[in-house]
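Numbering (the working numbering), first residue to last: 15 to 234. Take a look at the structure set out below.
See the structure below:
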C-alpha cells in the first residue's frame, strides 16, 4: 500500500538572487543567430528539466514536436505567417495538448494504481477526471491548453538556465499545422516556441510596463 509521507523541500544551489534574475531577464527574443546550433543533447536537457512542470493528476496531456530540419522549418514557416524566427531559430517546438489524455488508457493511471494498491482505488479519481476534464468540449479544450501552457512556460525558463532564449508564437495556422504535422484527432496545437541563441548586435525594445500587485490582484 502507498503510505503518505512528509515531503521535505530541499533548496538547491540556485539562490533567490539567481531565480529572480532568471525571471527578470527573460525576454521574448525576436532575432536568433542562425549560425549557432542548438545541439540535440542540449535540447534534451532543456525538455527533461521542463518536464518537471505540474499537470492535472500528473496526466501530462502534452507533447512537443521539435522542428529542426530545413524542410520542416520551411513547412512550419509557411503556416506561421512567415515569421523569420521560424527559419532563423535552430529549433521551433510545436506545443501540443491532448484533449483526451484524462481517459483510462493514460499510463499515469496505472502508476497511480500501483501507488494506491490497485485499480479499484483509482476509479474515484478517474470519475473525477472525466467530470472535470471530459464532460464537455470546452472542458476538454481547457484541460489540454492549460496544462500544455504550463509545460511551455517551463521550457522557456529551463532554456534560460542553459543560456538559450525563446519566443512564443500564436499568430499561426493552427488547423494547417495540425494537418501538416499529422496530429491525432484529440490533439491540438497550443502554440509555437522558437528556441536558440540571440543574434549579437540586435537591440530589443525596452521592457514594457507590467501590472503591479495592486493592479493584478483582487483580494477577497
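Note that CB positions come from ideal geometry on N, CA and C, so glycine has one too. None of the values given here were measured: they were computed from a predicted structure.
Query raised in the report: If residue 199 and residue 111 are in contact, beta carbons under 8 Å, what's the gap, nearest whole angstrom?
Result: The residue you call residue 199 lines up with position 185 of the chain shown. The residue you call residue 111 lines up with position 97 of the chain shown. Incorrect: roughly 13 Å between the Cβ atoms, too far for contact.
**Report entry** Reference residue 103, options 226, 209, 214 and 218, closest by Cα
**Finding:** Locating residue 103 in the chain shown gives position 89, counting from the first residue. Selected option, being the one with the closest Cα: 209.
Query raised in the report: In or out: residue 284 buried (at least 16 other Cβ within 10 Å) or exposed?
Result: The first residue shown for the chain is 15 and the last is 234, placing residue 284 beyond what the model contains.
Report task. Pick helix, strand or coil for residue 31, following the three-state DSSP scheme. Result -> What you label residue 31 is simply residue 17 of the chain shown in a count that begins at 1. Residue 31: helix per DSSP, three-state reduction.
**Report entry** N-terminal and C-terminal residue of the alpha helix (DSSP H) that residue 92 is part of
**Finding:** Taking the first residue of the chain shown as position 1, residue 92 is located at position 78. Here the alpha helix (DSSP H) through residue 92 covers 84-92.
Query raised in the report: How would you call residue 224, buried or exposed, if buried means at least 16 neighbouring beta carbons within 10 angstroms?
Result: Your numbering for residue 224 matches position 210 in the chain shown. The residue is exposed, with fewer than 16 neighbouring Cβ atoms inside 10 Å.
Query raised in the report: What are the start and end residues of each continuous alpha helix (DSSP H) run of 4 or more residues lying completely inside the segment 141-187, in chain order?
Result: 151-175
Query raised in the report: Does the distance from the C-beta atom of residue 91 to that of residue 107 stay below 8 Å?
Result: Residue numbering aside, residue 91 sits at position 77 when the chain shown is read from its first letter. Residue numbering aside, residue 107 sits at position 93 when the chain shown is read from its first letter. No, these two residues do not count as a Cβ contact at 8 Å.
Query raised in the report: If you follow the beta strand (DSSP E) that residue 112 is part of, which residue opens it and which one closes it?
Result: Here residue 112 corresponds to residue number 98 of the chain shown, with the count starting at 1. Start and end: 105-112.
Query raised in the report: For residue 196, which of 75, 86 and 42 has the nearest alpha-carbon?
Result: Here residue 196 refers to the residue found at position 182 when the chain shown is read from its first residue. Nearest option by C-alpha distance: 86.
Query raised in the report: What did DSSP end up calling residue 80 once you bin it into helix, strand or coil?
Result: Walking along the chain shown from the start, residue 80 turns up at place 66. DSSP places residue 80 in strand when its eight states are reduced to three.
**Report entry** Cβ neighbour criterion (16 or more within 10 Å) applied to residue 21
**Finding:** Position 7 of the chain shown, counted from the first residue, corresponds to residue 21. A caution first: residue 21 carries a pLDDT of 41, below 50, which makes its placement in the model unreliable, though a value can still be read off. Exposed, because fewer than 16 other Cβ atoms sit within 10 Å of the Cβ of residue 21.
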